[in-house]
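Student: Line by line, the protein sequences give chains A and B.
FYI, the numbering for the first sequence is 1 to 246, going by the numbering used here.
FYI, the numbering for the second sequence is 247 to 492, going by the numbering used here.
Below is the structure I would like to discuss, written out as structure tokens.
Number of protein chains: 2
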Amino acid sequence: MVPNHSGHAHIGCVASVPIFSGLPHDTLLQLAAAVRHREFRRGALIASYSDPIDNLIVVASGRLRVVHTSPSGREQIVREVGPGEFLGELGLVAAARYDGDVIAADDTQACMLSKDAVRRAISSSPEASMRLIESLARRLARAEQVMGDLGARDVGQRLAAELVRAAQGGCECSGRRESNAVVLPGPWSEMAARLGTTPESLSRRLRTFEDEGLISRPAPEAESDPDGARRVVIIDLERLREISGL
Amino acid sequence: MVPNHSGHAHIGCVASVPIFSGLPHDTLLQLAAAVRHREFRRGALIASYSDPIDNLIVVASGRLRVVHTSPSGREQIVREVGPGEFLGELGLVAAARYDGDVIAADDTQACMLSKDAVRRAISSSPEASMRLIESLARRLARAEQVMGDLGARDVGQRLAAELVRAAQGGCECSGRRESNAVVLPGPWSEMAARLGTTPESLSRRLRTFEDEGLISRPAPEAESDPDGARRVVIIDLERLREISGL
DNA sequence: ATTCGGGCTTGACGTAGGTCAATGCGTGGC
DNA sequence: GCCACGCATTGACCTACGTCAAGCCCGAAT
Chain A
1 MVPNHSGHAH IGCVASVPIF SGLPHDTLLQ LAAAVRHREF RRGALIASYS DPIDNLIVVA
61 SGRLRVVHTS PSGREQIVRE VGPGEFLGEL GLVAAARYDG DVIAADDTQA CMLSKDAVRR
121 AISSSPEASM RLIESLARRL ARAEQVMGDL GARDVGQRLA AELVRAAQGG CECSGRRESN
181 AVVLPGPWSE MAARLGTTPE SLSRRLRTFE DEGLISRPAP EAESDPDGAR RVVIIDLERL
241 REISGL
Chain B
247 MVPNHSGHAH IGCVASVPIF SGLPHDTLLQ LAAAVRHREF RRGALIASYS DPIDNLIVVA
307 SGRLRVVHTS PSGREQIVRE VGPGEFLGEL GLVAAARYDG DVIAADDTQA CMLSKDAVRR
367 AISSSPEASM RLIESLARRL ARAEQVMGDL GARDVGQRLA AELVRAAQGG CECSGRRESN
427 AVVLPGPWSE MAARLGTTPE SLSRRLRTFE DEGLISRPAP EAESDPDGAR RVVIIDLERL
487 REISGL
């Protein structure tokens, strides 16, 4: 959020993170002392599979992403981390390694917090602990949700589910909803990687939904987001919902 | 662990749970006061999809399981909870509902802890918070691992991965390893539901692995676990590992 | 013993969906 | 202006895998 106008400490950055908000001032100072502020350009590789996790990475602006790549080259997006969210929590509690590549989905500013500093901070503050727990619990719930989808539903159902989720704004990975239109960040291939399928299959399914009059995809109209933001307007939300299997 | 010889409070049950171990005695008492001890017979339904989550469920013995069922009837095991582990953590931080059915995978004894009591307990103890965080972080890591597998790997690779995981004892869902043999709890259909496939497909893949001399499945020999424990001996771990894609 | 049922295996079959390749379009570079 | 590149779309193909159905084995119940 705060650009690094190289002041002595990035307290602003740390303090603006939800899980640390409300921390006593001296604790914040301690934390800020252990911070390394970094910027990544879209597409940059932050960490690779099996790299040791030795920082809690908190994103200030932009988006990071954890991607699993199978031997055959297929990619599955496993986590997306937006402003105020974090990454690398496993390192806090154990010696661990990334089990996927971490890349910048957008130009991103992030704080690298040494795990010891974070451990100290959270064990000194029940509220911070609670917020961390909350964050993890939510993430876990979403992860298990996706597990279930990936394991038991076909592409059509997953896509439908993603669309209704996006339409309800309940989806971290979608942009704002305007009337009944949804704007997706990034290219379709990205959503394909989220849904565990290929761009081609996704394209076909979108087409059938369009043909069935469930959605429509207006031309970009040369407005809004300059870079690859796709828009889709939901026509028959109810039908989509029942396709997704509630 | 401790049977409920209806003493006034089940402190033993609560105290033996890792995330609460080391809690001060009075806090334990508070917790114990808010406990409901329950037993479930294998197959029993503890909670259904969309039921409100209003307890932290800690299993003392046995196994609980969360299953997602798709509209077409396919089932995906989303979580398995063994002794000392818990379920329902999302209820601690938000009004939430189960997004899958919770059933007893075995005869199970569990403690139902009111969320308020647990919240109080953990906010009074940094160590307890830390252990809870650790538990969630690990679970999340495993969940994301599975997400990646389900989304990007085929059944053969997933099976191979599961086998090497089991062989290394790193897998919660496998029994002990004896030499290079692994014993799986429950029927194959169960593992199929974990791997996001069907019993038939699993059977075929096991067969091809057997034909290729990577594993073998000895006859039950009328020993060990009475009920449906399957054993498989790993012959070529290295090859399995490379099939799984490291 | 006979029967029943549940889990496992196998076969045959159909299809969802992944792969490969060609085309079209829009954008940025030069 | 042109060219090149990235993304999307579409078609053709093929295979992994899910589905349905039959047979089998074994343990439990009658």
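All residues carry an ideal CB built from backbone N, CA and C; glycine is no exception.
Less than 8 Å between the CB atoms is what I'm expecting for A143(A) and E390(B), so what's the real figure, rounded?
Tutor: For the purposes of this step, residue 143(A) is identified with residue 143 of the first sequence, where counting begins at 1. For the purposes of this step, residue 390(B) is identified with residue 144 of the second sequence, where counting begins at 1. Yes, they are in contact, since the Cβ atoms of A143(A) and E390(B) sit about 6 Å apart, within 8 Å.
Student: Where does S490(B) fall in DSSP's three states?
Tutor: Taking the first residue of the second sequence as 1, we reach residue 490(B) at position 244. Of the three classes helix, strand and coil, the one that applies to S490(B) here is helix, per DSSP.
Student: What are the boundary residues of the beta strand (DSSP E) that includes F286(B)?
Tutor: As a working note, residue 286(B) is residue 40 in the second sequence. It spans V281 to F286 - the beta strand (DSSP E) in which F286(B) sits, taken as one unbroken run.
Student: DSSP three-state label for E80(A), please.
Tutor: As a first step, residue 80(A) must be located in the first sequence, where it is residue number 80. In this structure, E80(A) counts as strand in the three-state DSSP scheme.
Student: Ignore the nearest five residues each way along the sequence and tell me which others in A367(B)'s own chain have a CB closer than 6 Å to its CB.
Tutor: Locating residue 367(B) in the second sequence gives position 121, counting from the first residue. These residues qualify, in order along the chain: T273 and L277.
Student: Do I19(A) and R131(A) have their C-beta atoms closer together than 7 Å?
Tutor: Position 19 of the first sequence, counting from 1, holds the residue named residue 19(A). Position 131 of the first sequence, counting from 1, holds the residue named residue 131(A). Yes.
Student: Name the residue from D400(B), V429(B), A398(B) and G397(B) whose alpha carbon lies nearest to the alpha carbon of R411(B).
Tutor: By one-based count along the second sequence, residue 411(B) stands at place 165. For the residues D400(B), V429(B), A398(B) and G397(B), the minimum Cα distance to R411(B) belongs to V429(B).
Student: Do you know how far the Cα of L448(B) is from the Cα of S307(B)?
Tutor: Here residue 307(B) refers to the residue found at position 61 when the second sequence is read from its first residue. Here residue 448(B) refers to the residue found at position 202 when the second sequence is read from its first residue. Looking at the two C-alpha atoms, the distance is approximately 29 Å.
Student: Going by Cα to Cα distance, which pick from E190(A), L64(A) and A141(A) is closest to L87(A)?
Tutor: Working through the first sequence from its first residue, we reach residue 87(A) at position 87. Taking only the C-alpha atoms, the option nearest L87(A) is L64(A).
Student: Please confirm if S262(B) has its CB atom under 7 Å from at least one CB of chain A.
Tutor: Position 16 of the second sequence, counting from 1, holds the residue named residue 262(B). Not an interface residue.
Student: At 9 Å on the CB atoms, spell out the chain B contacts of I133(A), in chain order.
Tutor: Walking along the first sequence from the start, residue 133(A) turns up at place 133. Near I133(A) (Cβ distances below 9 Å), the residues of chain B are E335, L338, V339, I368, S375, L378, I379 and L382.
Student: DSSP on P52(A), reduced to helix/strand/coil?
Tutor: Counting from one through the first sequence, the residue named residue 52(A) turns up at place 52. P52(A): strand per DSSP, three-state reduction.
Student: Buried or exposed for R440(B), please, with buried defined as at least 16 other CB atoms from any protein chain shown within 10 angstroms of its CB.
Tutor: Mapped onto the second sequence, residue 440(B) falls at position 194. Classification for R440(B): buried.
Student: Might you give, ordered along the chain, the residues of its own chain that have their beta carbon closer than 6 Å to the beta carbon of V81(A), omitting 5 neighbours on each side?
Tutor: Residue 81(A) sits at position 81 when you count from the first residue of the first sequence. Answer for V81(A): V59, L64 and L87, listed in chain order.
Student: Would you say the beta carbon of P218(A) comes nearer than 6 Å to a heavy atom of the ligand FAD?
Tutor: Among the components of this structure there are no ligands whatsoever, and the ligand FAD is therefore not found.
Student: How long is the line joining the alpha carbons of V232(A) and A152(A), rounded to whole angstroms?
Tutor: Taking the first residue of the first sequence as 1, we reach residue 232(A) at position 232. Taking the first residue of the first sequence as 1, we reach residue 152(A) at position 152. Separation of V232(A) and A152(A) (C-alpha to C-alpha, rounded to the nearest whole angstrom) is 26 Å.
Student: Please confirm whether G91(A) and V17(A) have their CB atoms less than 7 Å apart.
Tutor: One-based indexing of the first sequence puts residue 91(A) at position 91. One-based indexing of the first sequence puts residue 17(A) at position 17. Against a cut-off of 7 Å, the Cβ pair of V17(A) and G91(A) comes out as no contact.
Student: Going by CA-CA distance only, name the one from R453(B), N426(B), D400(B) and P445(B) that's closest to Q76(A).
Tutor: Walking along the first sequence from the start, residue 76(A) turns up at place 76. The residue with the shortest Cα to Cα distance from Q76(A) is D400(B).
Student: By DSSP, does P18(A) sit in helix, in strand, or in coil?
Tutor: On the first sequence, residue 18(A) is found 18 positions in, with the first residue counted as 1. Correct three-state label for P18(A): helix.
Student: Quick check on E436(B): buried or exposed, where buried means 16 or more other Cβ atoms within 10 Å of its Cβ?
Tutor: Along the second sequence, one-based indexing puts residue 436(B) at 190. Counting Cβ neighbours within 10 Å, E436(B) comes out buried, since at least 16 surround it.
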